[in-house]
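Read through the structure below, which is laid out as structure tokens, and then see the notes.
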Ligand code: ZN
Ligand code: ZN
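In my numbering, the protein residues as written are 41 to 400.
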């Protein structure tokens, strides 16, 4: 079967690989759609350090082809969306409905037992984030799949596996934005647009999109942004001006920059919250004056995978899509065949795509 394999930094290709049968607790999924995310690119270019060679892919939807022993939650024929963080159901975090911090989430490049079912030229290779689903088929842990409504198109369902959940969840779950509140979103790429959609669903009165690209801010308006601010001028000053000098209730950093965290912090009101969604470089940091914290009551909070309890949240997001409250279709700029993966990554890198999706 075909799979997109990262061989070494800045070298990837579409390869014919072999896939072993699912073991106990594992599921064979025939992929129907795989989203191409910035994190896939980060593995290719080395921003995220990963065991290589590795099959890429961590956002997708498909059909269960076969299940290993002891699998009870899905059956052949089910339509499933994949989660790149497992829900083991037993650890401290999973028992508290916080599986986005599941103790099994370790970057070893294998399935739960640390080995993978994929081999290239007779040698086992890694898979990305328990999935490696930029491939015609994948074997994944049962702890990483959830059945979804069969009426939903695969390419829309696929997006819920990463970008949508990360963005919408940051707004409605991590921050728990309330009706009537004011929000600023720094960074209006795919995830930022989903933070904007989430804030809109939550009933925010004012959603201020902040981006250097006027084009991206125009798109942001169509997803629910009420105002736009170009950070070429200090963004926090314009945000204060747009909120009667008060600042926003919630500011979201969706780029992954310490400097922007500081800008978000300055943009929030007294008792306001800054939510960190973007993943920056490991050596980046931010500075907040210690005395300011007690006197302003401000909060800084991280958001991983939109605080998703994915077995509940993926179907919930797809319900919102069916109701017309969540727009997934317009997030997809174009689709590709798996052979067109190199072109898809070029388009991602050049900023052409909100989301590119491989369909099989
Ligand atoms: Zn992703
Ligand atoms: Zn767990």
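Note that CB positions come from ideal geometry on N, CA and C, so glycine has one too.
With fewer than 16 other Cβ atoms from the protein chains shown falling within 10 Å of its own Cβ, residue 132 counts as exposed. Scanning its chain for C-beta atoms nearer than 7 Å, with the 5 sequence neighbours on each side dropped, one finds around residue 54 the residues 42, 44, 378, 379 and 381, in chain order. Residue 304 carries a helical assignment under DSSP once its states are collapsed to helix, strand and coil. Contact between the segment 92–103 and the segment 61–74 is present: three or more C-beta pairs spanning the two stretches fall below 8 Å.
When the Cα atoms are used, residue 253 and residue 232 turn out to be separated by approximately 13 Å. Comparing alpha carbon positions, the residue from 226, 168 and 59 closest to residue 314 is 226.
About 6 Å separates the CB atoms of residue 269 and residue 248; that is less than 8 Å, so the two are in contact. Of the heavy atoms belonging to ligand 1, at least one sits nearer than 7 Å to the Cβ of residue 79. In terms of Cα proximity to residue 318, the closest of 206, 373, 395 and 147 is 206. A straight line joining the alpha-carbon of residue 83 with that of residue 65 spans about 27 Å. Setting aside the 5 residues that flank it on each side, residue 134 is surrounded in the same chain by 127, 128 and 142, each with a C-beta closer than 7 Å to its C-beta; the list follows chain order. For residue 383, the uninterrupted alpha helix (DSSP H) run begins and ends at 381–389, by DSSP. DSSP places residue 283 outside any alpha helix (DSSP H), giving it a letter other than H or E. The DSSP-derived three-state label of residue 400 is coil.
Taking 7 Å as the cut-off, the C-beta of residue 184 does not count as close to any heavy atom of ligand 1. Between residue 114 and residue 354, the CB-CB gap reaches or exceeds 8 Å. Those residues that bring their Cβ nearer than 7 Å to a heavy atom of ligand 2 are 126, 127, 128, 129, 130, 131, 133, 134, 139, 142, 143 and 144. Contact holds between the segment 191–201 and the segment 392–399, because three or more Cβ pairs, one in each stretch, are under 8 Å apart.
Taking a cut-off of 8 Å on C-beta distances, the segment 87–95 touches the segment 163–176, as three or more cross pairs fall below it. CA-to-CA, the gap between residue 153 and residue 281 works out to about 54 Å.
In its chain, beyond the 5 residues on either side, 236, 247 and 249 have a beta carbon closer than 6 Å to the beta carbon of residue 265.
According to the DSSP assignment, residue 246 belongs to the beta strand (DSSP E) that extends over 246–250. Going by DSSP, residue 76 is part of the beta strand (DSSP E) stretching over 66–76.
Ligand 1 approaches residue 202 closely enough that one of its heavy atoms is under 7 Å from the residue's Cβ. Between the alpha carbons of residue 194 and residue 80 lies a distance of about 20 Å. Within the DSSP secondary-structure output, residue 178 pairs in a beta bridge with 69. In this structure, residue 326 lies near residue 301, with their beta-carbon atoms less than 8 Å apart.
Taking C-beta atoms as the reference points, residue 210 and residue 238 count as a pair closer than 8 Å.
In the three-state scheme derived from DSSP, where H, G and I count as helix and E and B as strand, residue 118 is classed as coil. In the three-state scheme derived from DSSP, where H, G and I count as helix and E and B as strand, residue 171 is classed as coil. Looking at the DSSP output, residue 316 sits in a beta bridge with 293 and 342. In the DSSP assignment, residue 358 falls within the unbroken alpha helix (DSSP H) covering 350–362. Residue 182 counts as buried, since at least 16 other C-beta atoms from the protein chains shown sit within 10 angstroms of its C-beta. By the criterion of a C-beta distance shorter than 7 Å, residue 278 is surrounded in its chain by 269, once the five residues flanking it on both sides are discounted. The three-state secondary structure of residue 42, taken from DSSP, is strand. Here residue 145 has 125 as same chain residues with Cβ atoms under 6 Å from its own Cβ, once five neighbours each way along the sequence are excluded.
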